[in-house]
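Residue numbers (our numbering), protein chains in the order written: chain U, 29 to 481; chain A, 29 to 481.
Beta carbons are placed, not taken as given, at the ideal position from N, Cα and C, and that holds for glycine.
Remember, predicted model here, so these are calculated numbers, not experimental data.
These notes concern the structure reproduced below.
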């Protein structure tokens, strides 16, 4: 759960405002969270949070880009867009207009393992949100015109977010080089040439297969009680028939890696080179007990911000790096990635920074971590969790990502104890086992005509 | 068809013996080849060759490793093994024993796009071959015991052919790095962890889907006439009902490549380093008219043996390379690979050899080829075709690979004229368009502890 919390925490630091009043109990302290399942298979989580008259309504589908069929990359994200088109009952734009009219907020996002739809409104409007959201679970009108128009929008979006960003271009090819079998190899937005071929039939197949109550998790956080949520959920989502029984989400897993690989993009739009070294490591879902927690603490000690080894050694002490950090994407259904990255400063070269970073990795693997830095890392982690829990939508998001990537409600509650239980040897063992230089994949983003070595 | 012919020719140079008598007409001159299709969809090609009382019987299935489902890598090759187990009518070994008893030969092979079964016997035994081969198209006995035993054999085979060979380990990871979407990314033999999971259900699904007359091509070459082949084919294969209608073999294609990538394996078993630089290029099936022929001639001029630019410059003139060559795998249903490789000699480093080879590539792209070297390359190509045609099994193989990778009988006949039609500008254009250093993928096989740069 660690990076679930951390990722949320990072995103929310800027967003947390009035909800931070110190004397109120934080959202979702655990004991008062309730869960139940409707007859049609919809799983519901209710997180009471009475600090303000606000409710967060999130519907999570257990489908993401990693569930796509070969050759259909981008369909999960494409479908997220299509969910904002009209239904038989409500023309396109009516749902969004209704949210805006009551001063609410909405959003949606697609990831490797899930797709989620989000509204934050006053408690009296919860029923309306549920009616709209339940409506578009089954009643979308998917004409060729709708598909064709939205495909153009997505092609434009890809152009802006990927083709215009050298870092994103490199990231795609790095992922496809890091993962040789897992579908995490494919970009969430899809390859351009495959997006261009997505059609109405693909969309309808995807909709019928994955958009069903028994493939979704409803998370409601805020100023509501469980009974009300249950009654409203039954009256809205409860009316939708169960969808097809889906097979377990078993995807190709990685073969053994025996090589060191590099991916280099040089581009005139790049001014300062960067490197990013990645390894495939277990996720919270695939790891043995304690291993993912150890990887989270490893990423924190090695490269989690200003107190980390990489920052203090490369940026502060040696002064060769403008940035140096590490990141572990622990929240994933399948094996995932651990990343170390850095950027030179002044006269330093990318090779120098990379070498210094890898020396820190090797040193940690050889000598381990001290109990003091482990304790400090645990404290920082738990602090980030407190921030995340303090946000209603942050809490809802933690439960959503956990439940759509193979975790349980209990996992969220137990996570702090599991972090506390990690021993220094486990952190060292993780570094030793997974962060070998000879089995790494490094991406280099270079100014035009420059070589990384 | 070029590399179809060349690959065959290379394999056959040592095998051609009595069939080379100069006054006999070569096999398969074109005009006398006949084709027909049985009612159940089996396509038949008959290639008369009366030089010796021998007949080649090859059954080709239009399925290979690139047709496998995600997570099931290796099932096509696994199934080739299973075809040698027993049927309801003939216990395991009986078919092979029958071939041996009459002094015949047999073989089988699995590739990306096809799987083929081959026997060479006296003409009187053709009917027996057809009966056995037709029998195992539908009557295999696939018990758990058969599957479990054969899986162990294949795991052992993979251990010997891949895990024990650093070059093969590197090759696998290089392919998976070169191709980011195409199924050519996966090893034909399968990833070890996926082979280990293949089971009886996978085998039966694969058998029912792909092993059917309407997904096969029968090629008979030798001392037989078409009427006899047709009658025998109808009496044997003709009894088998048509299988399911299969969708077109449309597979994921490559996204645009924007990066240069490397894959490095250092291993104590390696004594001399080698490099291999690969690009994704069109195949005979995906290319525009003349483009694949130009790529074939480009590979010949650049690196096709002792007369090629790479050999003469790097091995002979500069003396820095023990070997230097190029290879184009033109016979493929989808976009395929063009490879340049080399090995240093004496005090030269791998970096020197690679740099010199890439300088030759760049020079050819910048300055083109001369008419003289183009003519000489065409002549060498046509000579290799004459060798191939002179072999009965070589000819059968050319038709089999062509017909299972999207080509036609006419393509084989027309190929010499299409090679003749290639102009020097087309060869240069192919080099310019496809062989860019900044969009290449290079594999380095290094002695333990050595770096490629």
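**Request:** Could you round the C-beta distance between residue 298(A) and residue 473(A) to whole angstroms and report it? I think they count as a contact, below 8 Å.
**Result:** 5 Å
**Cβ separation of residue 319(U) and residue 348(U), assumed to be a contact under 8 Å, to the nearest whole Å** = Not really, about 32 Å apart at Cβ, beyond 8 Å.
**Message:** Does residue 467(A) come out as helix, strand or coil in the three-state DSSP assignment?
**Reply:** helix
**Asked** When we look at the beta-carbon of residue 230(A) and count the other beta-carbons within 10 Å, is it buried (16 or more) or exposed?
**Response** buried
**Prompt:** Which chain A residues sit within Cβ distance under 9 Å of residue 466(U)?
**Reply:** 292, 293, 294
**Request:** Kindly list, in the order they appear in chain A, the residues whose Cβ is closer than 9 Å to that of residue 99(U).
**Result:** 209, 278, 279, 280, 281
**Prompt:** Under the rule that 16 or more other beta-carbon atoms within 10 Å means buried, what is residue 214(U), buried or exposed?
**Reply:** buried
**Request:** In the DSSP assignment, find the beta strand (DSSP E) that holds residue 372(A) and state where it starts and stops.
**Result:** 364–372
**Asked** Does the stretch 131–138 of chain A come close enough to the stretch 59–75 of chain A that 3 or more CB-CB pairs lie under 8 Å?
**Response** no
**Asked** Pick from 419(U), 464(U), 476(U), 460(U): whose alpha carbon is nearest that of residue 250(U)?
**Response** 419(U)
**Beta-carbon proximity list for residue 111(U), same chain, < 6 Å, skipping 5 on both sides** = 164
**Message:** Applying the 10 Å Cβ sphere with the 16-neighbour rule, what's the burial state of residue 77(A)?
**Reply:** buried
**Exposed unless 16 or more other CB atoms sit within 10 angstroms - verdict on residue 480(U)** = buried
**Asked** Residue ranges of each alpha helix (DSSP H) run of no fewer than 4 residues wholly in the stretch 152–224 of chain A, ordered along the chain?
**Response** 154–166, 172–186, 194–206, 220–223
**Message:** For a cutoff of 9 Å on Cβ pairs, would you count residue 66(U) as touching chain A?
**Reply:** no
**Message:** Let's test the definition: count the other Cβ atoms within 10 Å of the Cβ of residue 300(U) and tell me whether it reaches 16, buried, or not, exposed.
**Reply:** It is exposed - the Cβ of residue 300(U) has fewer than 16 other Cβ atoms within 10 Å.
**Item:** Coarse secondary structure for residue 112(A), derived from DSSP in three states
**Value:** coil
**Message:** Using beta carbons (cut-off 9 Å, strictly below), is residue 188(A) in contact with chain U?
**Reply:** Against chain U, the CB of residue 188(A) has no partner CB under 9 Å away; the residue lies outside that interface.
**Member of 370(U), 93(U), 291(U), 281(U) whose CA lies at the smallest distance from the CA of residue 468(U)** = 291(U)
**Request:** Identify whether residue 266(A) lies in helix, strand or coil by the three-state DSSP scheme.
**Result:** Residue 266(A) falls in the helix class under three-state DSSP.
**Item:** Run of the beta strand (DSSP E) containing residue 351(A), from where it starts to where it stops
**Value:** 349–356
**Message:** What would DSSP say about residue 105(U), mapped onto helix, strand or coil?
**Reply:** Secondary structure at residue 105(U): helix, using DSSP grouped into helix, strand and coil.
**Request:** Label residue 50(U) either buried or exposed according to how many other C-beta atoms from any shown protein chain fall within 10 Å of its C-beta, with 16 as the threshold for buried.
**Result:** Reliability of the predicted coordinates at residue 50(U) is poor, the pLDDT of 36 falling under 50, and the value obtained from them is presented with this limitation in mind. Residue 50(U) is exposed by the Cβ-count criterion.
**Asked** Which runs of the alpha helix (DSSP H) fall wholly inside the stretch 368–420 of chain U and span at least 4 residues, in chain order?
**Response** 378–395, 399–418
**DSSP bridge partner residues for residue 133(A) (one or two, in chain order)** = 148(A)
**Prompt:** Relative to the C-alpha of residue 453(U), which residue among 113(U), 429(U), 321(U) is closest?
**Reply:** Closest option to residue 453(U), Cα to Cα, is 321(U).
**Message:** With a threshold of 9 Å between beta carbons, is residue 200(U) in contact with chain A?
**Reply:** For residue 200(U), the closest Cβ of chain A is nearer than 9 Å.
**Message:** What would DSSP say about residue 277(A), mapped onto helix, strand or coil?
**Reply:** coil
**Beta carbon proximity, residue 214(A) to chain U, threshold 9 Å** = yes
**Message:** residue 306(A) and residue 429(A) - do their beta-carbons sit closer together than 9 Å?
**Reply:** no
**Request:** Report all residues from its chain with a CB closer than 8 Å to the CB of residue 283(U); omit the five preceding and five following residues, and keep chain order.
**Result:** 208, 209
**Prompt:** DSSP puts residue 482(A) in a beta bridge; with which residues?
**Reply:** An answer regarding residue 482(A) cannot be provided, because it is not within the stretch 29 to 481 covered by chain A.
**Asked** So, is the C-beta of residue 284(A) closer than 9 Å to a C-beta in chain U?
**Response** yes
**Item:** Whether residue 280(U) touches residue 99(A) by CB criterion (9 Å)
**Value:** Between residue 280(U) and residue 99(A), the gap from beta carbon to beta carbon is short of 9 Å.
**Message:** Checking 9 Å against the spacing of the C-beta atoms, do residue 392(U) and residue 455(U) come in under that value?
**Reply:** yes
**Close beta carbons around residue 194(A), own chain, < 7 Å, minus the five adjacent residues each side** = Hits under 7 Å: 293, 295, 297, 298, 473.
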